[in-house]
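Visitor:
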Amino acid sequence: MAHLTLSIRGLLLALMSVLLISVAQLSMKWGMGTLNQLWSDLVMLWQGEDYSSLFSQALAPVMAVGAGLFCYALSMACWVMALKRLPLSIAYPLLSLSYVLVYLGAVYLPWLNEPLSWVKGTGIFLILLGLIFVLPKKNQTSDKS
16 MAHLTLSIRG
26 LLLALMSVLL
36 ISVAQLSMKW
46 GMGTLNQLWS
56 DLVMLWQGED
66 YSSLFSQALA
76 PVMAVGAGLF
86 CYALSMACWV
96 MALKRLPLSI
106 AYPLLSLSYV
116 LVYLGAVYLP
126 WLNEPLSWVK
136 GTGIFLILLG
146 LIFVLPKKNQ
156 TSDKS
């Protein structure tokens with residue numbers, strides 16, 4: 016098997032995969048949470064055969080879930096292409112960035128508004144620190160060990 020070297024295209028594909036999977040998580044969280052809150056209203060509209068109101072209330076959260084699933088599919092395509100260009104020891108740790116992005120999105124996006132805590136912040140710091148240790152430095156061309 017040919018030795019894989021770091022490629023800018025591979026890194027960009029892996030980072031795009033991380034971004035897409037983070038967007039997928041956040042939009043599906045909002046969409047499913049909103050559908051859950053509206054569920055009893057949606058059932059009443061269905062039973063009352065008020066389909067236009069049902070459609071208008073459910074459209075945004077259903078679209079968010081659909082967009083999340085679409086982002087998952089795109090993320091998978093980017094990930095497969097990234098794996099063709101990067102060693103797994105480089106690509107796989109990059110996935111941990113999605114934990115960072117999803118947590119920060121959940122805290123700072125007003126429609127999710129999850130609490131910020133120093134314990135979780137410390138975890139985020141440790142993830143980023145781990146990436147610094149795992150990813151090769153610019154002057155490293157290959158690992159001889």
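Here the sequence shown stands for residues 16 to 160, where the numbers follow our numbering.
A virtual CB, placed ideally from N, CA and C, is assigned to each residue, including glycine.
What you are looking at is a predicted structure, and each value in this text was computed from that prediction instead of being measured.
#1: If D22 sits next to L101, beta carbons under 8 Å apart, how far is it from one beta carbon to the other, in whole angstroms?
#2: Roughly how many whole angstroms lie between the Cα atoms of L34 and I142?
#3: Excluding the 5 residues preceding and the 5 following Y118 in the sequence, name in chain order all residues of the same chain whose CB lies nearer than 7 Å to its CB.
#4: Between which two residues does the alpha helix (DSSP H) holding S104 run?
#5: Quick one: grab the DSSP three-state call for M43.
#6: Our contact map puts S111 next to L84 with C-beta atoms below 8 Å; I'd like the distance itself, whole angstroms only.
#7: Grab the span of the alpha helix (DSSP H) containing G120 for me, first residue to last.
#8: Return helix, strand or coil for S32, following the three-state DSSP convention.
Guide: Result, derived from the coordinates:
#1: Reading the sequence shown from its first residue, position 7 is the one you call residue 22. Reading the sequence shown from its first residue, position 86 is the one you call residue 101. Note that residue 22 corresponds to Ser in the displayed sequence, not to Asp. With 8 Å as the limit, S22 and L101 qualify as a contact, their Cβ atoms being about 7 Å apart.
#2: One-based indexing of the sequence shown puts residue 34 at position 19. One-based indexing of the sequence shown puts residue 142 at position 127. Near 16 Å, if we compare the C-alpha coordinates of I142 and L34.
#3: Locating residue 118 in the sequence shown gives position 103, counting from the first residue. For Y118, where only same-chain residues beyond five positions count, the Cβ hits under 7 Å are K135 and I139.
#4: Position 89 of the sequence shown, counting from 1, holds the residue named residue 104. Segment L103 to L109, the alpha helix (DSSP H) holding S104.
#5: Start at 1 with the first residue of the sequence shown, and residue 43 comes out as number 28. The answer is helix: DSSP assigns M43 an H, G or I state.
#6: In the sequence shown, counting from the first residue as 1, residue 111 sits at position 96. In the sequence shown, counting from the first residue as 1, residue 84 sits at position 69. About 23 Å; that fails the 8 Å criterion.
#7: Residue numbering aside, residue 120 sits at position 105 when the sequence shown is read from its first letter. DSSP places G120 inside the alpha helix (DSSP H), whose first and last residues are L112 to Y123.
#8: Counted from its first residue, the sequence shown places residue 32 at position 17. In this structure, S32 counts as helix in the three-state DSSP scheme.
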